[in-house]
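**Student:**
Numbering (this note's numbering), first residue to last: 458 to 551.
#1: So the alpha helix (DSSP H) residue 541 belongs to, where does it begin and stop?
#2: Verify the contact flag: residue 469, CB atom, against every heavy atom of the ligand FMN, threshold strictly below 7 Å.
#3: For residue 498, which residues of its own chain have a beta-carbon under 8 Å away from its beta-carbon, when the five flanking residues on both sides are left out?
#4: Since residue 517 and residue 539 are thought to touch, with beta carbons under 8 Å apart, how far apart are those beta carbons, to the nearest angstrom?
#5: Straight-line CA distance for residue 495 to residue 526?
#6: By Cβ distance below 7 Å, which residues in the same chain neighbour residue 458 in space, the five residues on each side in sequence not counted?
#7: Work out the CA separation of residue 469 and residue 530 for me, nearest whole Å.
#8: Express the C-alpha separation of residue 504 and residue 553 in angstroms, rounding to a whole number.
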């Protein structure tokens, strides 16, 4: 997707709440998330594709945390961000 047109992007309600919390409590962590968001927007395929119940999602690691997003209908949806030990458990019941 290097020379393809830029995709639109949106944040899920859950992801917006996480960003708001981080803006108050962890500005360095928020900066790391922002850096990854810019990388994903410029190259949406940078993240590793996920499998099973999360097969339409991709992920990038930020330290011990995982940023989950999906590409659908020319749009990137930033879905969730949580510690590696918790993020996949959230989606195991879908």
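For glycine and all other residues, C-beta sits at the position ideal for the given N, C-alpha and C.
On a predicted model such as this, the values are computed, not experimentally measured, just so you know.
**Tutor:** By the coordinates alone:
#1: Counting along the chain, the alpha helix (DSSP H) containing residue 541 begins and ends at 541-548.
#2: The ligand FMN is absent from the structure shown, which contains no ligand whatsoever.
#3: Hits under 8 Å: 463, 464, 466, 533.
#4: About 13 Å separates the beta carbon of residue 517 from that of residue 539, a gap too long to meet the 8 Å contact definition.
#5: Answer to the nearest angstrom: the Cα atoms are 13 Å apart.
#6: With a pLDDT of 43 at residue 458, under the threshold of 50, the predicted position of this residue should be treated as unreliable, though the coordinate-derived value follows. Sequence-distant partners of residue 458 (beyond 5 residues in either direction) whose C-beta falls short of 7 Å from its own C-beta, in its chain, are 500, 501, 502.
#7: Each residue's Cα considered, the two are about 15 Å apart.
#8: This structure does not reach residue 553, given that the chain is present from 458 up to 551, and the question cannot be answered.
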